[in-house]
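Colleague: Structure incoming, see below.
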Amino acid sequence: MVRLVRLLSHQATNTATVWFVTSWCAATALRVALAALRWDELDHDAAALPGAFAYGALVDAALAAATALLVLAFGASTHFAPRERVRRRIRRALGFALAAGTAAVALFGVAAAWWRERIWPVHAQRAWSWPARVRVTLLAVAVAVGAARAGMTLNDAAASARSLRANVRNQEPARNGPASFAAAVRDNELSFRRFYATLDDGRVRQLAGDWPRPRSVAMPVPANGRPMNAQRPHHVVIVQVESLSAAFLGVFGNPKGLTPKLDHLAREGVLFRQLYATGTRTVRGLEALSAALPPLPGQARVRRPGNVNLVTLGAVLREQGFESSFLYGGYGYFDNMNAYFGANGYRVRDRHDIPSGRIGFANIRGIADEYLFDDALARMDRATSAGGRQWLYLTTTSNHRPHTWPQGRIDVASGSGREGAVRYTDWAIGRFIEQARTHPWFDETLFVIVADHCASVAGKTRLPPSHFGPTVQERAWIANYQEIGRLTRGEHGSLDLVVLAPMRRVAQYRVDPDGVARRVPVDAVRAAGAIADYPLADDLIQSGRYRAVPAGALRVARGVGADGDGGQPGQWIH
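If you're matching positions, the sequence shown starts at 38 in the numbering used here and goes up one per residue.
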């Protein structure tokens, strides 16, 4: 008992107690102030509102305890003897400053230390022995970690708490601000149901349909009036081209002749005019093309936790006997590409895995496109010789700043700008197809060439619909980080864009045929159609229903592993 009293009366314990009380009271006061600012939006039920504040106070207590215990650990490990008053004062001021973590609050730490010395003087005690310091420090840190985890868990579970489940407005006052910020950094996402306008589940099912979708029988698409071979291809290759806006292509009206190879392929093959990029960055293109998901708010699914074993194009083609591979000309740790595709059954290969002797040119973004295509040809040859079927997902880099490429390929100097990079990309794709024609598997291979996003999306609105042209027949989903929208065809050649934003805001814009966008009153039918698909996608992800195979049944490999051409052996996910 004597030891416990001495421990509780120690300077470090006293400082930690002051820290706990101060931070807990400050968090509660901030919650009350924020609730007062939005008082009219809260549910004033006699049980719900006090329950929200009580729940929030519990979260605050856990997190305040975690930080106070860290203060205790710091104080216990740096406690000095009574005669060292100057050093003790410095240590106390630094304790407040370091715990706060910013230089600005360091001044507050000094002032707080001085104020506490005047208001609540503490009698200095003999310094603890080093064994005692170590025990207290380790115990405090361990309990702090547990308290922090408990606080984060409680904060995450606010929406599912019995007293708050049906009170969406009251869930926010029950959450802790710093904990919610940490959770947002951890999860890299925004909750659609918490922050965006939504519909009841029955209405969502009526408008968006249910999951899983019924499978339909694909019909051959005619090319230039000629029926296509209905036999399934031996290989499938998607080339996702960096920033290849339709505005660069001659078949879409560009008069500069930047893409003669692609224009020829468009006339020779099948040109799809109703495909639209879902966002402004490569990672959105990866999400849309691999997993067929509309762009939920926050980061793309590629960069979020819980993106393992999703329903992807690779999963579908694996059922048909294809081996799935992802090839990227840059380093695949960018945008979490390697981890995402590896966790979804793709054999991943990036710039790191291609021998330097095969790379004749590279810049900060990645290797020149022609060398990525050379590597793809070699992989398809190996697959064919082994009797395998290859599904390749290629992502290029040359049509990106700094816009440089190998000399002598085109009649434009390297580094001359975007249009030169487009010309080189077109040349590299044309060379890839021409080289592929010389291989025996060419006539049994399906090539798909598509952009990840437009080269520029600046406009008068944050989601500029004018970049999508006046030819939308059904719908297109587009998004930036916080705003998500649905573009549909309007009347008399116009386009209608419904934009969903945080705070459950809904806005609608109309784009006239001349490209002028103006805000119009929100049409309830169009708004409901825009909203419906997003909660369905969010629910599929959050509930885990958007899964292709059971966890543990998916082989993950980096490089080519077994064939001895770089890479590492495959691993199993459990």
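For glycine and all other residues, C-beta sits at the position ideal for the given N, C-alpha and C.
Over what stretch of residues does the beta strand (DSSP E) that includes Ile-521 continue unbroken?
Modeller: The sequence position of residue 521 within the sequence shown is 484, counting from 1. Run containing Ile-521: 521–526, per the beta strand (DSSP E) assignment.
Colleague: With H, G and I counted as helix, E and B as strand and the rest as coil, what does DSSP make of Val-548?
Modeller: Translated into the one-based positions of the sequence shown, residue 548 becomes position 511. Here Val-548 sits in strand by DSSP.
Colleague: Among Ala-94, Ile-404 and Ala-73, which residue has its Cα nearest to the Cα of Val-58?
Modeller: Here residue 58 refers to the residue found at position 21 when the sequence shown is read from its first residue. Nearest C-alpha to Val-58: Ala-94.
Colleague: Within 10 angstroms of the Cβ of Ile-401, are there 16 or more other Cβ atoms? Answer buried if so, exposed if not.
Modeller: Within the sequence shown, the letter at position 364 stands for residue 401. Classification for Ile-401: exposed.
Colleague: Which word fits Glu-520, buried or exposed, when buried means at least 16 other C-beta atoms lie within 10 angstroms of its C-beta?
Modeller: Here residue 520 corresponds to residue number 483 of the sequence shown, with the count starting at 1. Buried, by the Cβ-count rule.
Colleague: Under the rule that 16 or more other beta-carbon atoms within 10 Å means buried, what is Thr-190, buried or exposed?
Modeller: Sequence index remark: in the sequence shown, residue 190 carries index 153 (1-based). Burial call: exposed.
Colleague: Determine the closest residue to Gly-403 out of Arg-386, Leu-414 and Asp-418, with distance taken between C-alpha atoms.
Modeller: For the purposes of this step, residue 403 is identified with residue 366 of the sequence shown, where counting begins at 1. Minimum Cα distance to Gly-403 is reached at Arg-386.
Colleague: With three or more beta-carbon pairs closer than 8 angstroms as the criterion, would you say the stretch 228–240 touches the stretch 566–574?
Modeller: As far as the Cβ criterion goes, the stretch 228–240 touches the stretch 566–574, which means the pair count is three or higher.
Colleague: Do Leu-109 and Ala-49 have their CB atoms nearer than 8 angstroms?
Modeller: For the purposes of this step, residue 109 is taken as the residue at position 72 of the sequence shown. For the purposes of this step, residue 49 is taken as the residue at position 12 of the sequence shown. Cβ atoms of Leu-109 and Ala-49: closer than 8 angstroms.
Colleague: Quick one: give me the first and last residue of the beta strand (DSSP E) that Ile-578 is part of.
Modeller: As a first step, residue 578 must be located in the sequence shown, where it is residue number 541. Note, Ile-578: premise wrong, no beta strand (DSSP E); alpha helix (DSSP H) at 561–580.
Colleague: Along the chain, where does the beta strand (DSSP E) that runs through Phe-484 open and close?
Modeller: Within the sequence shown, numbered from 1, the residue matching residue 484 stands at position 447. 482–488 is the span of the beta strand (DSSP E), which, as asked, contains Phe-484.
Colleague: By Cβ distance below 7 angstroms, which residues in the same chain neighbour Leu-330 in space, the five residues on each side in sequence not counted?
Modeller: Counted from its first residue, the sequence shown places residue 330 at position 293. The answer, listed in chain order, is Glu-324, Arg-338 and Ala-574.
Colleague: To the nearest angstrom, how far is it from the Cα of Tyr-370 to the Cα of Ala-516?
Modeller: Numbered from 1 along the sequence shown, position 333 holds the residue referred to as residue 370. Numbered from 1 along the sequence shown, position 479 holds the residue referred to as residue 516. Whole-angstrom Cα-Cα distance: 23 angstroms.
Colleague: Indicate whether Ser-280 and Ala-492 have their beta-carbon atoms separated by less than 8 angstroms.
Modeller: Mapped onto the sequence shown, residue 280 falls at position 243. Mapped onto the sequence shown, residue 492 falls at position 455. In contact: Ser-280 and Ala-492 (Cβ atoms closer than 8 angstroms).
Colleague: When DSSP builds the beta bridges, which residues end up paired with Glu-360?
Modeller: Within the sequence shown, numbered from 1, the residue matching residue 360 stands at position 323. BP columns for Glu-360 point to Gln-427.
Colleague: Within the chosen definition, does the stretch 407–426 reach the stretch 384–399 through at least 3 CB pairs nearer than 8 angstroms?
Modeller: Touching, per the Cβ criterion.
Colleague: Roughly how many angstroms separate the alpha carbons of Lys-298 and Trp-514, rounded to a whole number?
Modeller: Your numbering for residue 298 matches position 261 in the sequence shown. Your numbering for residue 514 matches position 477 in the sequence shown. Approximately 29 angstroms between the Cα atoms of the pair.
Colleague: Find the nearest neighbour of Ala-98 within the set Ser-114, Trp-56 and Ala-473, judged by alpha-carbon distance.
Modeller: Residue numbering aside, residue 98 sits at position 61 when the sequence shown is read from its first letter. Per the Cα distances, Trp-56.
Colleague: If we count the other Cβ atoms within 10 Å of its Cβ and call it buried at 16 or more, is Leu-106 buried or exposed?
Modeller: In the sequence shown, the residue the question calls residue 106 occupies position 69. Looking at its Cβ environment, which holds 16 or more other Cβ atoms inside 10 Å, Leu-106 is buried.
Colleague: Suppose you measure from the CA of Ala-187 to the CA of Leu-67; what does that come to, to the nearest Å?
Modeller: Along the sequence shown, one-based indexing puts residue 187 at 150. Along the sequence shown, one-based indexing puts residue 67 at 30. Near 21 angstroms, if we compare the C-alpha coordinates of Leu-67 and Ala-187.
Colleague: Pop quiz: Thr-54 and Ala-113 are said to be a contact at Cβ under 8 angstroms. What is the actual Cβ separation, rounded to whole angstroms?
Modeller: Locating residue 54 in the sequence shown gives position 17, where the first residue counts as 1. Locating residue 113 in the sequence shown gives position 76, where the first residue counts as 1. About 13 angstroms; that fails the 8 angstroms criterion.
Colleague: State the Cα-Cα distance for the pair Asn-51 and Ala-538, rounded to the nearest angstrom.
Modeller: Taking the sequence shown and counting its residues from 1, the one referred to as residue 51 is at position 14. Taking the sequence shown and counting its residues from 1, the one referred to as residue 538 is at position 501. So the alpha carbons of these two residues sit roughly 46 angstroms apart.
Colleague: Express the C-alpha separation of Ser-580 and His-437 in angstroms, rounding to a whole number.
Modeller: Numbered from 1 along the sequence shown, position 400 holds the residue referred to as residue 437. Numbered from 1 along the sequence shown, position 543 holds the residue referred to as residue 580. So the alpha carbons of these two residues sit roughly 37 angstroms apart.
Colleague: State the DSSP-derived secondary structure class of Arg-419, mapped to helix, strand or coil.
Modeller: Locating residue 419 in the sequence shown gives position 382, counting from the first residue. Reduced to three states, the DSSP call for Arg-419 is helix.
Colleague: Roughly how many whole angstroms lie between the Cα atoms of Thr-462 and Gln-427?
Modeller: As a position in the sequence shown, residue 462 is number 425, starting the count at 1. As a position in the sequence shown, residue 427 is number 390, starting the count at 1. Going from the Cα of Thr-462 to the Cα of Gln-427 covers about 23 angstroms.
Colleague: Just to check my reading of the structure: Arg-555 and Arg-547 have Cβ atoms closer than 8 angstroms, yes? What is that Cβ distance to the nearest angstrom?
Modeller: Counting from 1 along the sequence shown, the entry for residue 555 is found at position 518. Counting from 1 along the sequence shown, the entry for residue 547 is found at position 510. Confirmed, about 6 angstroms.
Colleague: Would you tell me roughly how many angstroms separate the C-alpha atoms of Arg-276 and Val-487, rounded to the nearest one?
Modeller: One-based indexing of the sequence shown puts residue 276 at position 239. One-based indexing of the sequence shown puts residue 487 at position 450. Looking at the sequence shown, residue 276 is not Arg but Val. Their backbone Cα atoms lie some 6 angstroms apart in a straight line.
Colleague: Let me know if Thr-433 comes out buried or exposed under the rule of 16 or more other beta-carbons within 10 Å of its beta-carbon.
Modeller: The residue you call residue 433 lines up with position 396 of the sequence shown. That one is buried.
Colleague: Do you know offhand how far Gly-367's Cα is from His-440's?
Modeller: Position 330 of the sequence shown, counted from the first residue, corresponds to residue 367. Position 403 of the sequence shown, counted from the first residue, corresponds to residue 440. Distance between the alpha carbons of Gly-367 and His-440: 14 angstroms.
Colleague: Sort out for me which residues DSSP pairs His-272 with in a bridge.
Modeller: Locating residue 272 in the sequence shown gives position 235, where the first residue counts as 1. In DSSP, His-272 forms a bridge with Thr-482.
Colleague: Quick one: grab the DSSP three-state call for Ile-470.
Modeller: On the sequence shown, residue 470 is found 433 positions in, with the first residue counted as 1. DSSP places Ile-470 in helix when its eight states are reduced to three.
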